[in-house]
Every structure is written in structure tokens, then in C-alpha cells.
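Residues in the sequence shown are numbered consecutively from 1, following UniProt numbering.
In this text, a Cβ means the ideal position worked out from N, Cα and C, and glycines have one as well.
The structure appears below as C-alpha cells.
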Amino acid sequence: MSGLKLPARLRMDGARAAWALMSPALRAEAAQVLAAAGREVRLSAIELKDFDSSALSLLLSAARQCSEQGATLKLDGAPEKLRELARVYGVAELLWPPSPAPAAQA
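This is how it looks when you write it as C-alpha cells:
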């Protein structure tokens, strides 16, 4: 797993600074993952405890940036409150896409 992780606090007043730090690291991580024939850029949310809706905005930006590079963002250890906030805002499927259904056997 990569060393990319969200901070413990991610609120409106610090979101811009957090993105300024995360964006180049995320871009570099995606390039490394793709160079190694991988597809998933992993981002840990284990330490995230204090957040607001700006955390969703940052995560959506991160997912878009990965997608533009041909990779997929995989968020590990997201707090249930973050998942609930994403559901309320209608963006949960963008951050946690449903697993594809297994193909039916003939």
C-alpha cells in the first residue's frame, strides 16, 4: 500500500492547502502505479476524524485526477460518517463504485 493518506482534520479552512500538498503526490503515485502495470491508487482515510463536506470535494478531485491519468482511486479505511455524508450528497457511487456483478455462467 502506498504512503498516501488523508490528514486527521480536513475542513473548509484547510482543504485548499491539503489539496495543494496532495495533488502532486497523487499525480506521482498514479504515474508509479501505472508504470508498474497497476490500476489502483490507494489513499488511506484511517486517520481522518474531523471533517466536513470539503473532504468530499477533495476526494472527488482526487478521483477525477486519477481517472484523467488512467488510474482508479481506492479509498481505504473511510469513516462511516464520511460514507454517510457521501450518500447524503449523492456522490457515494463516485467514491465507492459498486462491485461489478459476476458474469452468469452458461
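Boundaries for SER44: no alpha helix (DSSP H) harbours it, while the beta strand (DSSP E) harbouring it runs 40-44, taken from the DSSP string. Per DSSP, the unbroken beta strand (DSSP E) holding ASP76 starts and ends at 72-76. Inclusion of THR72 and GLU47 in the CB contact set at 8 Å is not warranted, their separation being larger than that value. Here the C-alpha atom of GLU80 lies approximately 33 Å from the C-alpha atom of ALA35. In the structure shown, the three-state DSSP call for ASP50 is strand. With a beta-carbon spacing of about 6 Å, SER44 and GLY77 fall inside the 8 Å limit used to define contacts.
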